[in-house]
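So the mapping is simple: the working numbering equals the position in the sequence shown, first residue as 1, plus 10.
Virtual Cβ for every residue (Gly too), placed ideally from N, Cα, C.
Note that the structure is predicted; figures quoted are calculated from it, not measured.
Inspection log for the structure reproduced underneath, given as structure tokens.
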Amino acid sequence: MKDEQIEDVLKSFGIYISEIDENARLSGYGLDSLMTMELVLRLEAAIGRQIPDTLLLEENLISVAALRNLIGRLFTQDGSIS
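If you want it as structure tokens, here you go:
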């Protein structure tokens, strides 16, 4: 579920997970700081929850792998949002 949401949001920026190194910096694919904030807003809408400001750190937004980890931390074991 979360992978599909991340993939859909990134596609809206022209970034396709299947075509990139998931550990590479998203800035290397053209995502600048303003686009990163738009990415956060779109992710929040996709998952139906605001990402806490304390988690909006560069290390959590730098790559697809980091985004997966960030979103994963917002979900409980059964898949519901914590």
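Check: Just curious, the alpha helix (DSSP H) that Arg52 is in, first and last residue?
Finding: For Arg52, the uninterrupted alpha helix (DSSP H) segment begins and ends at Ser43 to Ile57.
Checklist line | Ser73, buried or exposed, once every other Cβ within 10 Å from all chains shown has been counted against 16 | finding: Per the 10 Å Cβ criterion, buried.
Next item on the list: Would you mind reading off the limits of the alpha helix (DSSP H) that contains Asp18?
Entry: Its alpha helix (DSSP H) spans residues Lys12 to Lys21.
Notebook entry, point to check: Using 8 Å as the Cβ pair cut-off and three pairs as the minimum, do the stretch 15–23 and the stretch 59–70 touch?
Noted result: The stretch 15–23 vs the stretch 59–70: no contact.
Notebook entry, point to check: If Gln15 sits next to Ala56, beta carbons under 8 Å apart, how far is it from one beta carbon to the other, in whole angstroms?
Noted result: Between Gln15 and Ala56 a beta carbon distance of about 4 Å is seen, short of the 8 Å cut, so the two are scored as contacting.
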